[in-house]
Amino acid sequence: MQKTKKSVAKRFKLSGTGKLIRRTPGFRHLLANKSTKSKRRASKDKLVAPGHAAPLKRCLPFGL
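Using the UniProt record's numbering, read the sequence shown as starting at 1 and increasing by one per residue.
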């Protein structure tokens, strides 16, 4: 039986069109030192690059 890789399932989710979505790093701590611009950009989710997405999608055989 093919199992879901739980470490990938916790960090990524699939969009409606099948693309992987990730969180922007660096938004957990030391927010007082970061600029408003960087915090605003970090608050939005990003797409995973296509070259990185292919092996990660294989870890999610049943989607999310």
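Just so it is clear, CB atoms sit at the ideal spot from N, CA and C, and this is done for glycine as well.
Given the structure is predicted, the values throughout are model-derived calculations rather than measurements.
Between the Cα of residue i and the Cα atoms of the options, which residue gives the shortest distance?
i	options	result
Arg41	Ala9, Pro55, Gly26, Pro61	Gly26
Gly16	Arg28, Leu47, Ala32	Leu47
Ala53	Leu20, Lys34, Asn33	Leu20
So, at 7 Å on beta carbons, what are the nonlocal neighbours of residue i in its own chain, with the 5 sequence-adjacent residues on each side left out?
i	result
Val8	Leu56, Cys59, Leu60
Gln2	Pro61
For residue i, does the three-state DSSP call read helix, strand or coil?
i	result
Arg22	strand
Lys39	helix
Lys13	strand
Leu64	coil
My assumption, with CB atoms under 8 Å, is that residue i sits in contact with residue j. Please give the rounded CB distance.
i	j	result
Arg11	Asp45	In fact, because the Cβ distance is near 12 Å, the residues do not count as touching under 8 Å.
Give every residue of the same chain whose Cβ lies closer than 8 Å to the Cβ of residue i, excluding the five residues on either side of it in the sequence, and list them in chain order.
i	result
Gly63	Leu14
Ser43	Thr24, Phe27
Leu31	Lys39
Lys34	Gly26, Ala42
Spatial neighbours of residue i within its chain, please: C-beta separation below 6 Å, excluding the five flanking residues on both sides.
i	result
Lys5	Cys59
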